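Peer 1: Before I ask anything, let me first share the structure, which is written out below as structure tokens.
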Amino acid sequence: MSPLVETTNPSVWISGNAGLVEVVVVRRKRKRLALVVETDGEVQCRIPSRCAQRTAETFIFAHQDWILRTIARMKDRVGRPRPQYAEGAAHYFLGQRYQLETCQNLQSKAQVRNSALLVRAASDDPTQIQKRLEDWYRTQADLIFNQRLSALVECFGLQMASSLKVRKMKAKWGSCSQSGVITLNLWLITQDVKAIDYVILHELCHLKHFDHTPAFYAYLAEFMPDWRARKALLV
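The sequence shown begins at 149 in our numbering and counts up one residue at a time.
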């Protein structure tokens with residue numbers, strides 16, 4: 149029996165083992181269609197403003213297996229709780245877990261020390277600790293992401309991105325614009341290096357295949373045959 153069911157605007161419904169799944173159609177100023185499963189379980193199909201509803205439906209139905217797999221994977225995964233900024237709270241860097249240590253000091257800085265992330269700030273106010281720690285994460289991300297980007301380009305002889313940007317992103321680990329700008333999620337720096345390399349290579353491959361067709365994934369697999377295992381490391 150086909151898992152496709154009747155659709156209504158602006159949502160599309162698909163059928164899975166656990167029942168009906170709503171896919172919310174969101175119109176935005178964009179050029180491509182994209183599917184996103186949010187951390188709270190909401191599924192969105194983001195489409196260009198003038199895209200026909202029927203086109204969105206066709207796109208969703210063509211990717212329904214991916215939607216259901218992604219939802220199941222997110223339910224099975226415990227996930228990391230929202231970061232806390234009190235003494236002893238858990239934080240991650242390059243896939244490793246560290247305990248937060250704070251120290252009141254006018255010379256604000258953060259650093260890894262043994263199994264701890266030591267943050268020095270002018271006060272022990274959680275907002276101050278958060279700012280110092282995020283500043284440190286951003287510095288590390290700028291350095292390490294650029295290093296890994298250059299290493300992957302050189303290793304595989306790929307086209308270099310026109311630029312690399314780092315910012316906080318809610319729904320994805322990275323993106324690639326048609327002008328060749330790769331943007332990476334700041335919080336990717338908390339992930340395992342193997343997963344970081346996967347995300348960067350994924351975006352580099354979009355410089356040749358600006359889509360997610362079988363040709364794109366075949367191209368990705370040429371350079372990283374284990375990309376699925378690396379992708380599964382992302383939490």
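Backbone N, C-alpha and C define an ideal beta-carbon position, used for all residues, glycine too. Because the structure is a prediction, the values reported are computed rather than measured.
Excluding five sequence neighbours on each side, which residues of the same chain lie with their C-beta closer than 7 angstroms to the C-beta of valine 226?
Peer 2: With a pLDDT of 46 at valine 226, under the threshold of 50, the predicted position of this residue should be treated as unreliable, and no value is reported.
Peer 1: Going straight from the alpha carbon of leucine 312 to that of leucine 300, what length do you get?
Peer 2: About 14 angstroms.
Peer 1: When you compare only the Cα positions, how much space is there between leucine 127 and tyrosine 346?
Peer 2: The shown model of the chain, from 149 to 383, leaves out residue 127, and the question about it has no answer.
Peer 1: Can you tell me the Cα-Cα spacing of alanine 269 and serine 163, whole angstroms?
Peer 2: Taking the straight line from one Cα to the other gives about 51 angstroms.
Peer 1: For glycine 243, list the residues DSSP reports as bridge partners.
Peer 2: Note: glycine 243 sits in no beta bridge, so no partner.
Peer 1: From what residue to what residue does the beta strand (DSSP E) around threonine 195 run?
Peer 2: What sits at residue 195 in the sequence shown is isoleucine, not threonine. 191–196 is the span of the beta strand (DSSP E), which, as asked, contains isoleucine 195.
Peer 1: Do proline 158 and valine 172 have their beta-carbon atoms positioned less than 8 angstroms apart in this structure?
Peer 2: Yes.
Peer 1: Applying the 10 Å Cβ sphere with the 16-neighbour rule, what's the burial state of phenylalanine 384?
Peer 2: Nothing in the structure corresponds to residue 384, since the chain is present only between 149 and 383.
Peer 1: Go to isoleucine 208, then tell me how far its alpha helix (DSSP H) extends in each direction, as first and last residue.
Peer 2: Segment 201–210, the alpha helix (DSSP H) holding isoleucine 208.
Peer 1: Could you tell me which residues DSSP puts in a beta bridge with cysteine 303?
Peer 2: Paired residue(s): none; cysteine 303 is not in a bridge.
Peer 1: Determine the DSSP secondary structure at alanine 234, reduced to helix, strand or coil.
Peer 2: Alanine 234: coil per DSSP, three-state reduction.
Peer 1: Does the segment 273–285 come within contact of the segment 373–381, defined as at least 3 CB pairs closer than 8 angstroms?
Peer 2: The answer is no - the segment 373–381 does not touch the segment 273–285, with fewer than three Cβ pairs under 8 angstroms.
Peer 1: Compute the Euclidean distance between the alpha carbons of phenylalanine 293 and isoleucine 344, then round it to the nearest angstrom.
Peer 2: Using only the alpha carbons, I get a separation of about 8 angstroms.
Peer 1: Going along the chain, which residues of its own chain have a beta-carbon closer than 8 angstroms to the beta-carbon of serine 323, five neighbours each way excluded?
Peer 2: Closer than 8 angstroms at the Cβ level, and outside the excluded window around serine 323, lie Met317, Ile330, Thr331 and Glu351.
Peer 1: Excluding sequence positions up to five away, which residues of its chain have a Cβ less than 7 angstroms from the Cβ of tyrosine 285?
Peer 2: Leu334 and Ile337, listed in sequence order.
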